[in-house]
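Student: Protein chains in written order, with the numbering used here: chain A, 12 to 208; chain U, 12 to 208.
2 protein chains.
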Amino acid sequence: MYPKTIKDLIDCFKKLPGIGEKTAERLALSLFALDDEVILNFSSSIKNLKSNIKRCKKCHNFTEGDLCSICLDESREKSVICVVEEPKNVVLFEKMGTYNGLYHVLDGLISPLDGINPEDINIKSLIDRIEKDKIKEVILAVRPTIEGETTALYISKLLNKTGVKITKIAHGIPLGADMEYIDALTLELALENRTEI
Amino acid sequence: MYPKTIKDLIDCFKKLPGIGEKTAERLALSLFALDDEVILNFSSSIKNLKSNIKRCKKCHNFTEGDLCSICLDESREKSVICVVEEPKNVVLFEKMGTYNGLYHVLDGLISPLDGINPEDINIKSLIDRIEKDKIKEVILAVRPTIEGETTALYISKLLNKTGVKITKIAHGIPLGADMEYIDALTLELALENRTEI
Numbered sequence: 012m013y014p015k016t017i018k019d020l021i022d023c024f025k026k027l028p029g030i031g032e033k034t035a036e037r038l039a040l041s042l043f044a045l046d047d048e049v050i051l052n053f054s055s056s057i058k059n060l061k062s063n064i065k066r067c068k069k070c071h072n073f074t075e076g077d078l079c080s081i082c083l084d085e086s087r088e089k090s091v092i093c094v095v096e097e098p099k100n101v102v103l104f105e106k107m108g109t110y111n112g113l114y115h116v117l118d119g120l121i122s123p124l125d126g127i128n129p130e131d132i133n134i135k136s137l138i139d140r141i142e143k144d145k146i147k148e149v150i151l152a153v154r155p156t157i158e159g160e161t162t163a164l165y166i167s168k169l170l171n172k173t174g175v176k177i178t179k180i181a182h183g184i185p186l187g188a189d190m191e192y193i194d195a196l197t198l199e200l201a202l203e204n205r206t207e208i
Numbered sequence: 012m013y014p015k016t017i018k019d020l021i022d023c024f025k026k027l028p029g030i031g032e033k034t035a036e037r038l039a040l041s042l043f044a045l046d047d048e049v050i051l052n053f054s055s056s057i058k059n060l061k062s063n064i065k066r067c068k069k070c071h072n073f074t075e076g077d078l079c080s081i082c083l084d085e086s087r088e089k090s091v092i093c094v095v096e097e098p099k100n101v102v103l104f105e106k107m108g109t110y111n112g113l114y115h116v117l118d119g120l121i122s123p124l125d126g127i128n129p130e131d132i133n134i135k136s137l138i139d140r141i142e143k144d145k146i147k148e149v150i151l152a153v154r155p156t157i158e159g160e161t162t163a164l165y166i167s168k169l170l171n172k173t174g175v176k177i178t179k180i181a182h183g184i185p186l187g188a189d190m191e192y193i194d195a196l197t198l199e200l201a202l203e204n205r206t207e208i
């Protein structure tokens with residue numbers, strides 16, 4: 012129904028997660044309202060994304076250079092590593108603003124059913140860093156699913172012999188949550204890990 | 012927090028309607044999973060959109076040439092014009108598949124409060140077409156709002172003297188609708204325009 016350029020663009024938008032036919036159409040047509048400068052910037056950002064963005068040689072975070080801005084930052088506490096699943100988790104922690112250590116991006120979680128084994132994610136480079144960079148504490152901050160727990164267990168077992176302190180972020184009831192909607196397992200964990208006040 | 016290319020891309024996505032910070036981030040990062048070919052196509056579709064897409068010289072629908080595919084289609088009924096607000100309304104009618112006449116895209120509705128007067132939308136070219144192309148019927152298919160009704164009234168008054176048949180698409184209760192959620196005005200119109208069975 013639409014001319015080819017519009018149809019192509021709608022098809023591209025439809026390839027993005029959560030974008031269906033109607034939304035893709037709306038987004039594609041909305042581009043007519045943008046300034047030419049924004050359009051050019053949009054187009055080139057998409058084109059250059061994969062070539063401009065590399066992974067930090069140390070922590071596998073997104074970077075445009077060899078090392079990411081966090082690994083290069085001299086003011087960070089270099090003896091603590093927070094292990095996360097994806098680069099966007101780093102952004103989440105950075106937005107929080109109170110963590111001052113380094114990161115290590117696994118780029119996935121161990122999931123044998125999906126064919127993801129320990130050697131497929133960045134575990135070896137984590138062990139290397141811990142041995143080489145005098146790391147004192149490794150904070151495991153992966154999501155609380157079977158895959159996350161498996162990965163955390165695997166890493167902690169590997170690190171046991173190195174003598175580094177291994178911690179895991181707390182699971183429990185999120186602030187502001189309605190108690191009646193909390194699942195039993197979370198409640199059990201919250202009870203188990205209760206702290207004295 | 013993100014390298015510049017990613018940050019730029021997130022900002023671009025945020026300029027699209029209904030896309031907030033979180034969604035923009037998710038969409039931008041999801042591009043990493045697309046094939047290089049798709050990325051290039053995406054980038055160039057965006058860049059070429061405004062330059063490739065013109066408006067049909069006759070009906071103001073989207074086209075890549077001088078006239079749109081509908082105006083060029085010899086099999087269409089050339090004495091009926093359906094008047095719509097935007098090019099995407101044409102697509103809606105075409106998807107329906109039973110209308111075989113031509114279209115006229117107004118590119119807006121009369122709205123004095125927003126500074127949109129009759130001369131700001133494609134009314135003059137509609138009158139010209141009706142006088143020149145031996146049009147027998149003009150179907151007004153604008154949305155049933157104050158602006159839509161004003162525009163329909165304005166056009167029908169202008170056309171009154173030409174003797175062309177002027178019709179308006181029916182307003183009433185949509186199929187499958189729950190009667191209790193129908194507003195009073197729609198119900199009134201539906202009652203008024205009742206048909207014999």
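Yeah, the Cβ is synthetic: ideal placement off N, Cα and C, and Gly gets one too.
Source: prediction; values computed, not measured.
Please confirm whether Tyr13/A has its beta-carbon closer than 8 Å to some beta-carbon of chain U.
Tutor: yes
Student: Would you decide whether Ile208/A is buried or exposed? Buried here means 16 or more other CB atoms lie within 10 Å of its CB.
Tutor: exposed
Student: Which chain A residues sit within Cβ distance under 7 Å of Asp139/U?
Tutor: Going along chain A, no residue has its Cβ under 7 Å from Asp139/U, so there is no contact; the nearest lies around 24 Å.
Student: Residues of the segment 18-32 of chain A with a CB closer than 7 Å to any CB of chain U: list them in chain order, please.
Tutor: Contact residues of the segment 18-32 of chain A toward chain U are Asp19, Leu20, Cys23, Lys26, Leu27 and Pro28 (C-beta to C-beta distance below 7 Å).
Student: Using the beta-carbon of each residue, which ones in chain A are nearer than 8 Å to Asp47/U?
Tutor: Lys61
Student: Cβ of Val175/U within 8 Å of Cβ of Lys143/U?
Tutor: no
Student: Can a CB atom of chain A be found closer than 8 Å to the CB of Ile50/U?
Tutor: For Ile50/U, the answer is yes, since a Cβ of chain A falls inside 8 Å of its Cβ.
Student: How about Ile92/A and Val49/A: are their beta carbons less than 8 Å apart?
Tutor: No.
Student: Need the endpoints of the beta strand (DSSP E) that Thr34/A sits in, please.
Tutor: Per DSSP, Thr34/A belongs to no beta strand (DSSP E); it is in the alpha helix (DSSP H), Glu32 to Ser41.
Student: Starting from the N-terminal side, write out each stretch of the beta strand (DSSP E) that is 3 residues or longer and does not extend beyond the segment 53-140 of chain A.
Tutor: Counting whole runs of 3 or more residues, the segment 53-140 of chain A contains the beta strand (DSSP E) stretches 91-95 and 113-116.
Student: Quick one: residues in its chain with C-beta nearer than 6 Å to the C-beta of Asp77/U, no 5 flanking neighbours on either side, listed in chain order?
Tutor: Lys68
Student: Counting contacts by CB-CB distance shorter than 8 Å, is Glu158/U in contact with chain A?
Tutor: no
Student: What residue does the beta strand (DSSP E) around Glu148/U start on, and which one ends it?
Tutor: Glu148 to Leu151
Student: In three-state terms, what does DSSP make of Thr17/A?
Tutor: In the sequence on display, residue 17/A carries Ile and not Thr. Residue state, collapsed to three classes: helix.
Student: Between which two residues does the alpha helix (DSSP H) holding His178/A run?
Tutor: The question names His, but residue 178/A is Thr in the sequence shown. That residue, Thr178/A, is in no alpha helix (DSSP H); its beta strand (DSSP E) goes Lys176 to Lys179.
Student: Taking 8 Å as the cut-off, does the segment 149-158 of chain A touch the segment 116-136 of chain A (at least 3 CB pairs, one atom from each stretch)?
Tutor: yes
Student: Name, please, each residue of chain U whose Cβ falls closer than 9 Å to the Cβ of Arg37/A.
Tutor: Leu27, Pro28, Gly29 and Lys99
Student: Identify whether Leu186/A lies in helix, strand or coil by the three-state DSSP scheme.
Tutor: coil
Student: For the alpha helix (DSSP H) that contains Thr162/U, what are its first and last residues?
Tutor: Ile157 to Asn171
Student: Under a CB-based cut-off of 8 Å, is Ile211/U close to chain A?
Tutor: Nothing about residue 211/U can be read from this structure; chain U reaches only from 12 to 208.
Student: In chain order, what residues of the same chain have a beta carbon less than 8 Å from the beta carbon of Met190/U, not counting five sequence neighbours either side?
Tutor: Ile184
Student: How about Ile57/A and Phe73/U: are their beta carbons less than 8 Å apart?
Tutor: no
Student: With H, G and I counted as helix, E and B as strand and the rest as coil, what does DSSP make of Ile193/A?
Tutor: In this structure, Ile193/A counts as coil in the three-state DSSP scheme.
Student: Applying the 10 Å Cβ sphere with the 16-neighbour rule, what's the burial state of Leu83/U?
Tutor: exposed
Student: Can you grab the Cα-Cα spacing for the pair Lys99/U / Asn63/A, in whole Å?
Tutor: 36 Å
Student: Could you name the residues of the same chain whose beta carbon sits closer than 6 Å to that of Cys79/U, not counting the 5 residues immediately before and after it, in chain order?
Tutor: Cys67 and Asn72
Student: Name, please, each residue of chain U whose Cβ falls closer than 8 Å to the Cβ of Thr16/A.
Tutor: Those are Ser56, Asn59, Leu60, Asn63, Ile64 and Glu75, listed as they occur along chain U.
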